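Just below is one structure, and these are the notes that go with it.
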Amino acid sequence: MGDLLRVRDEQASIAAPPCPQCGVQLVGSTSDWWQCAAVHCPYEMPDEAYRLYVSLCALFESGPERFFEVVRGHRDEVRALEPAWLR
């Protein structure tokens, strides 16, 4: 199992975004968790959150305008679900 984690880490490190807290590389700690490689940083996230983070970073890198367009669309959709008096 350790070999699978090492391979996954090597593949992810090619285009993996840095730790959102300190900027050091994220590495797989188990099969479904990622953590910061820095000893002093306690940041970690589950694999599903990591995949979302990677996709959002890639979307931002490919075009910040499109990224913020998607974010505004999501915000507007969520706001439409709450009653006006809660806004």
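With the UniProt record's numbering applied, the sequence shown corresponds to residues 1 to 87, in that order. Using N, Cα and C, we set each Cβ at its ideal position, and we do this for glycine too. Everything numeric in this text was worked out from a predicted model, so none of it was measured.
Taking Cβ to Cβ, would you say PRO46 is nearer than 8 Å to ASP32?
-> yes
Select from HIS40, CYS41, CYS57 the residue whose C-alpha is nearest the C-alpha of VAL70.
-> It is CYS57.
N- and C-terminal bounds of the beta strand (DSSP E) containing PRO46 | Segment 44-46, the beta strand (DSSP E) holding PRO46.
Collapsed DSSP secondary structure at GLN73 in the structure displayed = The sequence given here places Gly at residue 73; Gln does not occur at that position. Helix, per DSSP.
Could you check if TRP34 is buried or exposed, using at least 16 other CB atoms within 10 Å of its CB as the buried criterion?
-> buried
Applying the criterion that 16 or more other CB atoms from any shown protein chain within 10 Å of the CB defines a buried residue, is CYS22 buried or exposed?
-> exposed
With burial defined as no fewer than 16 other Cβ atoms inside 10 Å of the residue's Cβ, what is the status of GLY2: buried or exposed?
-> Residue placement at GLY2 is poorly supported in this model, since its pLDDT is 49, which falls under 50; the coordinates still yield a value, given next. Exposed: under 16 other Cβ atoms inside 10 Å.
Using only the heavy atoms of the ligand SAH, determine whether one of them is closer than 7 Å to the beta carbon of ARG51.
-> Within the structure as shown, the ligand SAH is missing, as the structure has no ligands at all.
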